[in-house]
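Student: Numbering that gives the first Met the number 0 numbers the first residue of the sequence shown as 0 and each following residue consecutively.
Don't be surprised by glycine CBs; every beta carbon is placed ideally from N, CA and C.
Since this is a predicted model, take the numbers as computed values, not measurements.
This is the structure I want to talk about, given as structure tokens.
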Amino acid sequence: MNQFVCGPGGNAGLRSALSQYIWAERRKNRIFTEAGKRGKKMYDVVALGELLIDFTDAGISPNGMHLFEQNPGGAPANVLTGLSRMGLKTALIGKVGDDLNGRFLESVLKKEKIDTTALILDKNYFTTLAFVSLSAGGERSFSFARKPGADSMLNRDEVNCDIIKSSKIFHIGSLSLTDEPSRTATLYALDAAKKAGCIISYDPNYRASLWRSEQAAREGIRSVLPYVDVIKLSEEEADFVTPEKDPKAAGKYLVEHGIKAAFITLGKSGAYAFHREGFVYQPAVPGNVVDTNGAGDSFCSGILFCICKEGKKVGEIGLSRLSEFARFGNAAASLCIGKRGAVPSMPTLQEIYKRLQDG
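The structure is reproduced here in structure tokens:
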């Protein structure tokens with residue numbers, strides 16, 4: 000696939016070039032399938048991407064040293080955990096090291112009832128590690144051990160296309176796009192998903208330190224937009240991915256260029272939902288902040304749960320329903336931030352309903 004390269008001309012030139020790229024790729028990849036061709040799907044959501052260890056800040060030892068708690072993580076795995084706890088059938092395509100951490104992560108997925116048929120344990124590479132420091136307010140900073148990590152070494156011929164074809168929704172992040180061979184594997188999986196009529200979901204989950212440069216990150220993250228039906232972005236990511244600084248303008252830009260539903264999260268300020276009909280704002284659902292790690296992933300799992308249960312093509316879902324989906328996602332996120340660690344903090348369906356009822 001051709002990559003979009005930033006050019007001169009300011010925002011206007013950037014908008015024009017990016018618009019031409021997205022529409023050219025959508026025409027070239029005109030492989031959408033009618034819902035009637037999908038048939039019965041075995042999985043609700045299949046995700047491809049990183050499964051890693053989040054070593055989360057756990058205070059200070061008696062000797063004055065920082066303590067880190069081993070937590071399972073990785074954005075696609077976090078999203079699937081949330082969906083599994085809501086009762087959906089899920090599976091992960093990815094690679095971990097055949098090591099202590101990798102086997103621990105495999106056991107966590109199985110415990111969460113996430114299908115691990117397409118998870119590979121590789122003796123040649125270590126499981127990726129992320130060290131997560133928390134501010135006094137629960138905000139995160141990351142440091143990664145991934146040179147290379149097993150997740151970035153997933154090969155195209157290791158992608159289980161049968162599982163993808165058996166799913167209603169196929170979800171990815173951008174960490175699998177940072178390096179080869181996982182970048183090629185991701186594009187191959189996206190082709191398979193689109194040909195199978197899957198809804199394509201994308202949460203870039205931008206981590207600057209894992210990319211060679213800001214330009215490489217922008218090009219890589221944008222390169223898959225022509226495939227995408229549903230996108231979830233933070234306010235900062237929306238500014239990074241689109242030529243627009245204002246989140247409302249960024250969301251409008253995305254839906255004008257083929258994205259059927261866009262969600263932009265604003266942290267403690269709530270979220271926007273965008274659709275061809277316009278946009279709507281949903282305020283945050285109040286929650287006690289302990290650790291914000293996984294908040295965006297829990298929001299994403301919430302909206303994907305709603306889309307899956309709606310039983311329609313994304314383009315057929317109206318703005319009023321997307322507004323309700325955003326509220327559901329906000330409720331999920333408000334519960335997630337009340338605990339430490341991403342996977343352990345994903346709420347159940349019953350907990351989300353109760354939070355919504357409590358207002």
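Is DSSP giving P71 helix, strand or coil here?
Tutor: One-based indexing of the sequence shown puts residue 71 at position 72. Strand at P71.
Student: Can you confirm whether the stretch 337 to 345 touches the stretch 238 to 251 when touching is taken to mean that 3 or more C-beta pairs between the two stretches lie within less than 8 Å?
Tutor: no
Student: Determine the closest residue to N329 out of A76, K247, T264, with distance taken between C-alpha atoms.
Tutor: Sequence index remark: in the sequence shown, residue 329 carries index 330 (1-based). Per the Cα distances, T264.
Student: Excluding sequence positions up to five away, which residues of its chain have a Cβ less than 6 Å from the Cβ of A332?
Tutor: Position 333 of the sequence shown, counted from the start, is the residue given in the question as residue 332. Answer for A332: A294, S297, F298, listed in chain order.
Student: Buried or exposed for L66, going by 16 or more other Cβ atoms inside 10 Å?
Tutor: Translated into the one-based positions of the sequence shown, residue 66 becomes position 67. Flag for L66 reads exposed.
Student: Between which two residues does the beta strand (DSSP E) containing L253 stretch?
Tutor: Taking the sequence shown and counting its residues from 1, one reaches residue 253 at position 254. Unbroken run through L253 is the alpha helix (DSSP H), 246 to 255; no beta strand (DSSP E).
Student: Give me the Cα-Cα distance between K353 and G86, rounded to the nearest whole angstrom.
Tutor: Along the sequence shown, one-based indexing puts residue 353 at 354. Along the sequence shown, one-based indexing puts residue 86 at 87. Roughly 16 Å between the two C-alpha positions.
Student: Counting only the same chain and skipping the five closest in sequence on each side, list residues whose C-beta sits under 8 Å from that of V289.
Tutor: Residue mapping note: residue 289 aligns to position 290 of the sequence shown, counting from 1. Answer for V289: G137, I336, G337, K338, R339, listed in chain order.
Student: With a threshold of 16 other CB atoms inside 10 Å of the CB of A325, please say whether the residue is buried or exposed.
Tutor: If you number the sequence shown from 1, residue 325 lands on position 326. Buried: at least 16 other Cβ atoms inside 10 Å.
Student: I'd like the list of long-range same chain contacts for K36, defined as Cβ closer than 7 Å, with 5 residues on each side in sequence excluded.
Tutor: Indexing the sequence shown from 1 puts residue 36 at position 37. In this predicted model, K36 has a pLDDT of only 45, less than 50, meaning its place in the structure is not dependable enough to derive any value.
Student: For S319, name the three-state secondary structure that DSSP assigns.
Tutor: Reading the sequence shown from its first residue, position 320 is the one you call residue 319. Residue state, collapsed to three classes: helix.
Student: Am I right that L120 and V158 are in contact with their C-beta atoms under 8 Å? What's the rounded C-beta distance?
Tutor: One-based indexing of the sequence shown puts residue 120 at position 121. One-based indexing of the sequence shown puts residue 158 at position 159. Not confirmed; about 16 Å, so no contact.
Student: Closest to Q281 by C-alpha separation, out of L355, N70, E309, Y252, would be which residue?
Tutor: Here residue 281 refers to the residue found at position 282 when the sequence shown is read from its first residue. Among L355, N70, E309, Y252, the Cα nearest to that of Q281 belongs to L355.
Student: For the stretch 160 to 173 against the stretch 63 to 83, do three or more pairs of beta-carbon atoms, one drawn from each stretch, fall closer than 8 Å, so that the two count as touching?
Tutor: yes
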